[in-house]
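A short write-up of the structure that comes next.
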Amino acid sequence: MSARVDPMGSSDHLESGAALVRSSLDACIKCTICESACPFAVATPLFPGPKTVGPQAERFRSGLSSADWSVDYCSGCGICSRVCPQGVRIAEINAQARARLKERTGIPLRDQLLARPDVMGRLGQPVAPLFNRAVETPAVRTIMERTLGIHRSAAIPRVSPRTFQSWSRRHPPAPGPDRVVYFHGCSVNHFEPRLGRMVVAVLEHQGLRVDVPEQGCCGLPLQSNGNFPAARRYLTRLAHRLAAAADVSVIASSTSCGLMLKREGREILGVDDPALADVSRRTWDIFEFLRDLHERGLLRTDLQPVDLCVAYHAPCQQQNHLMGKPAIDILSLVPGLRIIELERDCCGVAGTYGLKREKHDISMSVGEDLFHDIRGLEPDAVLCDSETCRWQIAKATGYPVVHPVEILHRAYSGGGRPPRARG
Amino acid sequence: MKVDALVIATGEGSLPLATGTIDVLGYSPGLVSSPFEALPTFLHANPEHPYRIAGIDGVEHALAWLAETAESLGYQGGLVRNRWVPTVLGGLRPTSMLPRSMVSADLHANAHAEIVVAGIRGYRDFHPALLAANLSLATPPSGGRTIRARATEVEWPGNSSDLVPFRLARRLEEAAVRREIANRIRPSLGGATAVAMPALLGRERWDEVHRDLEGRLERDVFEVPGLPPSLPGLRLSDCLRRALRRAGGRLLLGSSAVSATRVDGEVRSVTVTQAARHTEVKAGFVILATGGFAAGGIARDRDGTLREPLLGLPVHGPQVGAEPTSPRFLGSQPLDRAGVRTDPTGRPLDTAGEPWARNLYAAGAVLAGAVPWREKSGEGVALATAWAVTGAILGGAQ
Ligand SMILES: Cc1cc2nc3c(=O)[nH]c(=O)nc-3n(C[C@H](O)[C@H](O)[C@H](O)COP(=O)(O)OP(=O)(O)OC[C@H]3O[C@@H](n4cnc5c(N)ncnc54)[C@H](O)[C@@H]3O)c2cc1C
Chain R
3 MSARVDPMGS
13 SDHLESGAAL
23 VRSSLDACIK
33 CTICESACPF
43 AVATPLFPGP
53 KTVGPQAERF
63 RSGLSSADWS
73 VDYCSGCGIC
83 SRVCPQGVRI
93 AEINAQARAR
103 LKERTGIPLR
113 DQLLARPDVM
123 GRLGQPVAPL
133 FNRAVETPAV
143 RTIMERTLGI
153 HRSAAIPRVS
163 PRTFQSWSRR
173 HPPAPGPDRV
183 VYFHGCSVNH
193 FEPRLGRMVV
203 AVLEHQGLRV
213 DVPEQGCCGL
223 PLQSNGNFPA
233 ARRYLTRLAH
243 RLAAAADVSV
253 IASSTSCGLM
263 LKREGREILG
273 VDDPALADVS
283 RRTWDIFEFL
293 RDLHERGLLR
303 TDLQPVDLCV
313 AYHAPCQQQN
323 HLMGKPAIDI
333 LSLVPGLRII
343 ELERDCCGVA
353 GTYGLKREKH
363 DISMSVGEDL
373 FHDIRGLEPD
383 AVLCDSETCR
393 WQIAKATGYP
403 VVHPVEILHR
413 AYSGGGRPPR
423 ARG
Chain A
4 MKVDALVIAT
14 GEGSLPLATG
24 TIDVLGYSPG
34 LVSSPFEALP
44 TFLHANPEHP
54 YRIAGIDGVE
64 HALAWLAETA
74 ESLGYQGGLV
84 RNRWVPTVLG
94 GLRPTSMLPR
104 SMVSADLHAN
114 AHAEIVVAGI
124 RGYRDFHPAL
134 LAANLSLATP
144 PSGGRTIRAR
154 ATEVEWPGNS
164 SDLVPFRLAR
174 RLEEAAVRRE
184 IANRIRPSLG
194 GATAVAMPAL
204 LGRERWDEVH
214 RDLEGRLERD
224 VFEVPGLPPS
234 LPGLRLSDCL
244 RRALRRAGGR
254 LLLGSSAVSA
264 TRVDGEVRSV
274 TVTQAARHTE
284 VKAGFVILAT
294 GGFAAGGIAR
304 DRDGTLREPL
314 LGLPVHGPQV
324 GAEPTSPRFL
334 GSQPLDRAGV
344 RTDPTGRPLD
354 TAGEPWARNL
364 YAAGAVLAGA
374 VPWREKSGEG
384 VALATAWAVT
394 GAILGGAQ
């Protein structure tokens, strides 16, 4: 008899996501498919594998007493949940177990810091040049590693002296009758405002008016570092702000943060707020949205040739949207562009996982196959929808790694220079 | 012809759990030495068997397609004669095609003077003494020759935390680890001409691992698949995924089909789950390949009703009240035959016996009429029916 769980089977389930996640463990038949697919279990004995740590150990966890520590070495990439034929939400079970573990052990200062990119951005911004020079100074990084436990070789983004919000406040809105709300996330706001401007330009090119309400962090890094109470507060605040902005599509360019709105907030954090339910249903990843426009014949196709050979890596969280690879579907329309689809699952960074002193080597070893393939292909640029993955891949390979929207932006604005390597 | 193909799958299918060999027909119900010769009689006796959708020609073409598509895995064999390979318990089982890492396991073609079964101490799913003892009792059906097999168990040169399949496979991809393992096996080889090892000889770099061990041990080396996960099955799964991608097809892994829209006797779209909502995928043709009970393609309710959960197709099998299982575990299990019935081209039938939709086909374990565990026909049915219905679609679409 089959006991498959369909988490989306009916709309009632949408309301009770977090409870459903845990009960899905009863559908585990110990087939080991997740263990063979997990990129982390093969890289470190500290993580015994998703089945062992997830559905298996979960049976021995009651209340606050957790049977083990190894769940801290789960990166949360979600590949296990995707390959499971029985619908067990393994990664989600692990995320919840990690939060319970952290309730007991407490969360180290480092993880509290890494989990708040908005705070890091706000603190760094007034002294951006100094901050950026400091994090590139080996001596400073050695000290950071010793005192904070942030690995000296981990990729740390540069803080922008101007936030995206400050730009968008001065940016006159396009007149278009149709509107969208842009959820830019912390990364665009503090580290990559240029990407945000390109997203706005691409959307405005479709004749859309782009609203950029005040927003803040979605709580994803807090969630993956086990601080659920704070993550829930951040997410709820964000959902209310986005819901209040306008009753239109919400477009996300940070694929992992978009997933937080769509699914993880409900299923992992158990946030049962009508504002989140509302926003969740109308949240779109930028390329998912553009592909939908295209399917309805509404995407502008005045695309100029872009003579580049690019390698596309679909990051784990992007794949967890279960929407395929819309960036490839859309970029295939760009004349002259050669896209090679990379065939690896994970770059290893998993948000803040790869930044941590004790986990950085594991993270690099997980990504090694991907880095190796990229070096072998010698592309003009690597494309990837997730910011932390872009930083990790750029640091590991030295190749320029950009959001796929940069290529589309270039095609709309008439070709142009190839991307340059970071830093 | 360029076809836009999308594969929607809740999760990985059965391949990562299966042996990686291609079984077409092993028992009908007596032992089959040549599927090519046995299939006509078998189909005559089992007119409802899914092989009828492909026909013997179709089965042959499907195997040839696999050999070509999975060329990097070096599949050998075909319908003409079955191979006889040891199981992890030391029995002999018939199969039609073997990947290169198992070719010398065929004890029909290879008259190994003696086989050393080499295990790794502490690895729980491979017991060389048991395997060797049973194998020594077995006789290949083709001849009275007895098999000489002997066991050895070596210490793993790495950490004991490596002693799980996925890590062992990865570590064996390291030359230094292999050298050490080979050094430890070599002293017990004596006059043996072949070495049987657990099927853990690498994932992506299996070829290098296999050749290197053969070189170092100066013997034929073959893999014996055991409990899941199965590295040979995973390699085949990896290989087919890559082939799909390179042919321009797309895979939506982790997404479930929940319903379909049928208008005027045609399926127009399939509704699939995404992270925050359902989405409709338009389709010119749909192939139902949702597998059997384990994969969720067929379900049985508490009261004994059999269901095909996605489209609600009628399921042929032991009805409510009938005994679904036999008390003999390895006996004939009525439930095994349960599945969806089709017309001769592979289109599922409704309760009136008409095609449920003009453009809906079915392939694999979801089909009624096969008993894969007894016939040893699981992969053969999956491959041949998939090949046949794809051919019907491509032919019909022209
Ligand atoms: C442990 C094990 C060992 C085996 N050993 C052998 C052997 O030695 N010899 C042999 O001949 N056969 C063997 N088999 C059987 C053989 O592997 C299967 O019969 C064959 O692979 C079936 O293929 P399939 O594609 O029809 O189904 P599957 O491989 O089961 O694939 C079904 C797919 O459909 C997906 N799915 C189901 N419902 C939905 C839905 N609603 N929406 C989207 N996706 C859905 C599933 O997630 C899965 O990916 C073995 C099987 C197992 C499990």
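One line per chain: the protein sequences are R and A, in this order. When we follow my numbering, the leftmost residue of the first sequence carries the number 3, and every step to the right adds one. When we follow my numbering, the leftmost residue of the second sequence carries the number 4, and every step to the right adds one. Where a beta carbon is used, it is the ideal one built from N, C-alpha and C, also for glycine.
With a threshold of 8 Å between beta carbons, A/GLN277 makes contact with chain R.
With a cutoff of 8 Å on beta-carbon distance, A/LEU82 and A/SER99 are scored as near each other. Cα atoms of R/ILE158 and R/TRP393: separation of roughly 7 Å, rounded to the nearest angstrom. Exclusion of the five residues before and after A/LEU134 leaves GLY93 and VAL120 as the residues of its chain whose Cβ lies within less than 6 Å of its Cβ.
Assignment of beta-bridge partners to A/ARG189 by DSSP yields no partner. At a cut-off of 8 Å between beta-carbon atoms, A/PRO231 makes contact with chain R. When the Cα atoms are used, A/LEU204 and A/THR196 turn out to be separated by approximately 19 Å. With a contact defined as Cβ atoms closer than 8 Å, A/PHE169 and R/GLU37 qualify at about 6 Å. Per DSSP, the continuous beta strand (DSSP E) segment holding R/TYR184 begins and ends at 180 to 185. Each of R/LEU150, R/GLU216 and R/SER155 was checked against the Cα of R/SER168, and the nearest Cα belongs to R/GLU216. For R/VAL273 against R/THR238, the beta-carbon gap comes to about 6 Å, under 8 Å, which counts as contact. At a cut-off of 8 Å between beta-carbon atoms, R/LEU261 makes contact with chain A.
Taking 7 Å as the cut-off, one finds no heavy atom of ligand 1 near enough to the beta carbon of A/SER240. Per DSSP, the continuous beta strand (DSSP E) segment holding R/ILE253 begins and ends at 252 to 254. Using a Cβ-Cβ cut-off of 8 Å, R/ALA43 counts as an interface residue toward chain A, since at least one Cβ of chain A sits closer than that to its own. Under the 8 Å criterion on CB atoms, R/SER334 is classed as non-interfacial with respect to chain A.
Contact note: A/LEU256 reaches chain R through ARG84 and VAL85, using a C-beta cutoff of 7 Å and chain order.
Runs of the beta strand (DSSP E) lying entirely within the segment 225 to 291 of chain R, each at least 3 residues long, are 252 to 254 and 285 to 287 in chain order. Scanning chain R for C-beta atoms nearer than 7 Å to the C-beta of A/ASN162 yields PRO47, reported in chain order. In the DSSP assignment, R/ILE152 forms a beta bridge with R/LYS358. Taking the CA atoms as reference points, A/GLY61 sits about 36 Å from A/GLU217.
Taking C-beta separations shorter than 7 Å and ignoring five residues to either side along the sequence, the partners of A/TRP390 in its chain run ALA57, GLY61, HIS64, ALA65 and TRP68, following chain order. Spanning the alpha carbons of A/LEU192 and A/MET105 requires a straight line of approximately 19 Å. At least one heavy atom of ligand 1 falls within 7 Å of the beta-carbon of A/LEU18. In this structure, A/ALA355 keeps its C-beta atom at 8 Å or more from the C-beta atom of A/PRO337. Nearest C-alpha to A/PRO235 among A/ALA178, A/PHE296, A/PHE332 and A/ARG103: A/ARG103. Taking 8 Å as the cut-off, the beta carbon of R/THR46 is found closer than this to the beta carbon of R/TYR75. Non-local beta-carbon contacts of A/LEU166 in its own chain, meaning distances under 8 Å to residues more than five positions away in sequence, involve ILE123, GLY125, TYR126, ARG127 and TRP159 in chain order. Classified as buried, R/SER365 has 16 or more neighbouring CB atoms from the shown chains inside 10 Å of its CB.
Residues of the segment 15 to 39 of chain A that bring their beta carbon within less than 9 Å of a beta carbon in chain R comprise GLU15, GLY16, SER17, PRO19 and LEU20, in sequence order. Of the heavy atoms belonging to ligand 1, none sits nearer than 7 Å to the Cβ of R/ASP249.
Residue range 210 to 213 is occupied by the beta strand (DSSP E) that includes R/ARG211, with no alpha helix (DSSP H) assigned at that position. For secondary structure counted as the alpha helix (DSSP H) over 4 or more consecutive residues, the segment 27 to 110 of chain A holds these complete runs in sequence order: 38 to 48 and 54 to 72. Taking 8 Å as the CB threshold, R/GLY326 lines the interface with chain A. Three or more pairs of CB atoms, one per stretch, sit closer than 8 Å, so the segment 350 to 363 of chain R contacts the segment 75 to 95 of chain R.
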